[in-house]
Amino acid sequence: CWAEFFLPGYGWVPVDPADVRKMMLTENLQPEDARTKEYREYFWGAWDSYRVKLATGRDLILNPRQAGAPLNTFGYPYGEVGGKPLDWLDPKTFKYTFTYRRQINE
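Sequence positions in the sequence shown follow this note's numbering and run 8 to 113.
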């Protein structure tokens, strides 16, 4: 999730402690490691450039409308088979890939 706080006289400041934790787990880092400190300093006041905003708010209705209930959030892909929602957190039954193409504006 993306977090921000308002600093009077400065404005909104982005922070993402979850990304620090993800990097610690990915790189097997301890809280006192130098790389952990670098990640803390980076993600305190910045978001990385690999973010895509898919939705805003809660109780989301997709288009075309999903057969399941409104989505609390849209942080993972959503899929249905036979009008029944799939468990997007189950890696055995829900697999997906992302494909992208870099667009260069000329």
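Note that the Cβ used here is the ideal one computed from N, Cα and C, for glycine as well.
Residues bridged to residue 13 by DSSP?
-> 19
For the candidate residues 87, 103, 99, 26, whose alpha-carbon lies nearest to that of residue 55?
-> 26
Have a look at 11, 108, 16 and flag the residue whose alpha-carbon is nearest the alpha-carbon of residue 53.
-> 11
Element boundaries [alpha helix (DSSP H), containing residue 41] | Run containing residue 41: 41-50, per the alpha helix (DSSP H) assignment.
By DSSP, does residue 59 sit in helix, in strand, or in coil?
-> coil
Sub-8 Å separation of residue 87 and residue 78 beta-carbons = Going by C-beta atoms, residue 87 is not nearer than 8 Å to residue 78.
Residue 112 to residue 102 span [Cα, whole Å] | 32 Å
Proximal residues to residue 7 (C-beta, below 7 Å), its chain only, five neighbours per side dropped | The displayed coordinates of the chain run from 8 to 113. Any statement about residue 7 would go beyond what the structure contains.
Report yes or no: do the region 44-53 and the region 16-31 share at least 3 C-beta pairs separated by less than 8 Å?
-> yes
Closest residue to residue 66 among 74, 59, 58, 80 (Cα-Cα distance) = 80
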